[in-house]
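Remarks on the structure that follows.
Numbering (our numbering), first residue to last: 3 to 432.
In structure tokens form, the structure reads like this:
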């Protein structure tokens with residue numbers, strides 16, 4: 003057999019290995035980060051993989067070269083060294099298992115040829131083809147598992163997808179172990195594998211559709227929340243304008259009362275005006291319009307529920323460089339959860355709301371603790387009191403917190419719900 007055919011096969015094998023590694027690390031570690039050294043890393047990894055694939059017999063030297071090639075590819079991703087090492091070892095284990103499985107399956111296929119070299123080369127090529135299909139399937143299985151965490155599929159859709167996959171694997175096993183006609187066997191296996199690959203492609207499209215639909219639902223709900231928050235701010239400013247507009251009339255009346263010696267009547271009128279002004283002005287005045295409006299509105303609603311209120315807001319507005327929209331999403335959601343929990347409690351139950359919003363040059367700290375109806379102790383990801391939407395609200399909060407490199411802690415105990423948010427300010431985040 004011509005040497006160029008052998009060399010072409012080895013180069014193709016190395017390229018296929020690099021493609022598998024790209025897919026594997028792309029699923030687990032995200033997009034590439036080291037663009038400048040990308041070509042150099044591919045060349046170095048390709049050389050190590052070429053040394054490894056030239057020896058199809060198992061051996062420590064081969065696996066060591068293979069591991070070095072894997073680790074070089076992993077260096078293109080900006081993750082901790084220990085993470086790259088662990089994922090590289092996992093891939094090496096999958097490679098060893100896949101190669102063993104491929105050799106076992108290839109051993110049941112009797113490749114016939116008049117040339118011994120052709121038989122050896124054909125057997126090696128078949129082993130790698132089966133290995134490639136095995137690794138391709140495993141990588142896409144990992145991808146689908148990760149995707150299932152990010153998007154919801156109906157149970158019926160998942161059952162259909164799982165059933166088709168298992169049936170395909172079952173048919174493949176029957177062909178491998180029971181089929182005696184090599185040509186028919188090979189064609190059937192290829193057809194089934196093509197069907198599985200096409201099915202994976204269709205599954206990607208379906209999962210993406212569900213993910214987009216869920217995102218659209220969340221955005222619509224989030225827009226409703228933002229609209230309500232801005233309406234609260236508008237009402238607060240309108241109340242202030244009304245008080246300012248009527249101040250002159252009150253001053254004229256008070257002047258007349260004082261001139262005529264009706265001091266008690268003037269005092270009662272002042273108390274009446276102050277009580278009404280208290281409902282119009284914001285209870286919190288830090289200078290940050292979003293925080294002031296949202297906290298003041300939440301305190302008003304909690305007061306209507308006759309809840310015990312304990313709040314402390316101590317921030318430096320100049321230090322908070324977080325976008326107003328993001329603060330509105332975070333604070334608006336956690337305060338809304340707290341208030342709706344109070345509204346969901348019976349009138350005779352003890353209601354309380356504790357709010358802490360503090361800042362220093364390094365971070366912004368937000369904490370709410372509120373009473374709530376009894377919550378069933380089920381596994382919660384970021385669920386609120388009302389399971390229909392609060393879970394989405396807190397997931398939106400987590401998205402904003404992650405954007406700034408912060409932390410979110412949600413804790414639900416018997417009759418108590420607590421949310422803690424810590425967001426580093428820009429100087430630390432960068």
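Ideal Cβ placement from N, Cα and C applies to all residues, glycine included. As the structure is a prediction and not an experimental result, all values here were calculated from the model.
Cβ-Cβ distance between residue i and residue j below 9 Å
i           : j           : result
residue 329 : residue 322 : yes
residue 23  : residue 72  : yes
residue 411 : residue 399 : no
residue 357 : residue 317 : no
residue 414 : residue 353 : no
residue 55  : residue 12  : yes
residue 108 : residue 128 : yes
residue 409 : residue 423 : yes
residue 332 : residue 425 : yes
residue 96  : residue 43  : no
residue 286 : residue 145 : no
residue 324 : residue 427 : yes
residue 290 : residue 319 : yes
residue 137 : residue 87  : no
residue 21  : residue 93  : no
residue 31  : residue 81  : yes
residue 366 : residue 307 : no
residue 252 : residue 271 : yes
residue 46  : residue 74  : yes
residue 276 : residue 268 : no
residue 106 : residue 89  : no
Residue i - DSSP class collapsed to helix/strand/coil
i           : result
residue 384 : For residue 384, the predicted structure reports a pLDDT of 43, less than 50, and the residue's modelled location is therefore unreliable. The matter cannot be settled from this model.
residue 433 : With the chain represented from 3 up to 432, any question about residue 433 goes unanswered, as that position is not in the structure.
residue 371 : strand
residue 115 : Bear in mind that a pLDDT of 46 at residue 115, under 50, signals an unreliable position, so the model cannot answer this.
residue 106 : helix
residue 33  : coil
residue 421 : strand
residue 393 : Any reading at residue 393 must be qualified, since the residue scores a pLDDT of 47, below 50, and its modelled position is unreliable; the value itself is stated next. Reduced to three states, the DSSP call for residue 393 is helix.
residue 120 : For residue 120, the predicted structure reports a pLDDT of 48, less than 50, and the residue's modelled location is therefore unreliable. A value from the coordinates is still provided. Of the three classes helix, strand and coil, the one that applies to residue 120 here is helix, per DSSP.
residue 88  : helix
residue 129 : helix
Boundaries (first-last residue) of the alpha helix (DSSP H) holding residue i
i          : result
residue 54 : 40 to 55
residue 76 : 62 to 76
Segment limits, beta strand (DSSP E) that includes residue i
i           : result
residue 410 : 409 to 415
residue 354 : 354 to 361
Answer yes if the stretch 334 to 348 comes into contact with the stretch 362 to 379, meaning at least three C-beta pairs across the two stretches below 8 Å, and no otherwise. yes
Enumerate, from N- to C-terminal direction, the unbroken beta strand (DSSP E) stretches of 3 or more residues contained entirely within the stretch 255 to 335. Entirely contained in the stretch 255 to 335, the beta strand (DSSP E) runs reaching 3 residues are, in chain order, 310 to 316.
Would the stretch 43 to 52 count as touching the stretch 67 to 86 if we require 3 or more Cβ pairs under 8 Å? Two segments are said to touch when three or more pairs of C-beta atoms, one from each, lie closer than 8 Å; by this definition the stretch 43 to 52 touches the stretch 67 to 86.
Could you tell me whether the stretch 294 to 310 touches the stretch 250 to 262, using the rule of 3 or more Cβ pairs below 8 Å? no
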